[in-house]
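Just so you know, we're using our numbering here: the sequence shown kicks off at 1 and counts up by one.
All C-beta atoms, glycine included, are put in the ideal place defined by N, C-alpha and C.
Below is one structure, written out as structure tokens; comments come after it.
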Amino acid sequence: MKSEETIEKDQNRQMPGVKKKKKSIKTGSILLLFAVVVLLATTGGLAFWVYSQSAQQSKFEEDRNALEGFLPGKSEAEIQKELNRIIDESRLNISMNPTPVIRDGKINVMLENVPANNYYLQADVYIYTDEETLEMRQVYQSGIIKQGFYVESGEVLEIPEGGRYNGLAVFHALYPETLEEIGQAAMNIVVTAE
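In structure tokens form, the structure reads like this:
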């Protein structure tokens with residue numbers, strides 16, 4: 001029979017392959033703490049996402065429900081009408097004398113910003129001083145012309161020698177509210193200097 005002392009030693013002896021309980025409890029506590037932190041972070045992230053989706057949208061944000069394209073159920077004719085309206089709004093009608101004459105320091109541009117235009121107009125007239133190198137010089141510059149207004153003639157910036165010159169008129173379309181240029185159009189012209 002074993003003595004009490006031998007039994008106590010046997011109980012305190014660790015069996016091979018079996019870890020002490022203290023270490024096992026410590027590792028389990030760390031894993032449990034890690035799992036709780038991950039669970040809290042996931043729950044917090046999910047709660048924030050749900051809140052942000054349900055928060056009232058500001059009127060200065062893009063609408064979260066807006067879809068690109070035309071409303072379902074519109075006919076081909078309705079879609080075509082809308083596309084034509086957009087094209088008409090961006091169109092710039094130009095009207096100018098294609099053969100202006102410079103006389104007595106003035107040029108008869110006969111420049112018109114037709115009422116149908118959606119933009120203000122500003123025009124520049126250039127003549128070629130060397131057509132091989134495409135070198136040009138500006139002979140006229142209009143101010144801003146609102147829709148429904150016209151300019152018959154204007155002051156010449158620099159009077160060229162007498163003769164005929166191939167030239168170019170450049171039209172600048174401007175937003176009425178900001179005077180920011182939205183685009184340009186150009187027209188070949190022939191300028192006669194007397």
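From the options, residue whose alpha carbon lies closest to that of residue i
i, options, result
"Ile182", "Leu92, Asn108 and Thr129", "Leu92"
"Gln138", "Ile145, Ile159, Ser153 and Asn118", "Ile159"
"Asp104", "Ala41, Glu177, Thr27 and Glu155", "Glu155"
Proximity of residue i and residue j at Cβ, strictly below 8 Å
i, j, result
"Val191", "Ile102", "yes"
"Ile86", "Phe171", "no"
"Asn97", "Val114", "no"
"Tyr165", "Tyr120", "no"
"Leu111", "Ile145", "yes"
Outcome for residue i when other beta-carbon atoms lying within 10 angstroms are tallied against a minimum of 16
i, result
"Glu89", "exposed"
"Gln56", "exposed"
"Gln122", "buried"
"Leu71", "exposed"
"Val125", "buried"
"Gly73", "exposed"
"Ala173", "buried"
Opening and closing residue of the beta strand (DSSP E) in which residue i lies
i, result
"Arg103", "Val101 to Arg103"
Boundaries (first-last residue) of the alpha helix (DSSP H) holding residue i
i, result
"Glu135", "No alpha helix (DSSP H) holds Glu135; the beta strand (DSSP E) holding it covers Glu135 to Gln141."
"Asn118", "No alpha helix (DSSP H) holds Asn118; DSSP gives it neither H nor E."
"Arg164", "Where Arg164 is concerned, there is no enclosing alpha helix (DSSP H), although the beta strand (DSSP E) it sits in stretches over Gly163 to Leu174."
Cβ separation of residue i and residue j, assumed to be a contact under 8 Å, to the nearest whole Å
i, j, result
"Tyr140", "Ile107", "5 Å"
"Ile189", "Thr99", "7 Å"
Any C-beta of chain B under 8 Å from that of residue i
i, result
"Glu155", "Among the chains in the structure shown there is no chain B, since it carries only a single protein chain."
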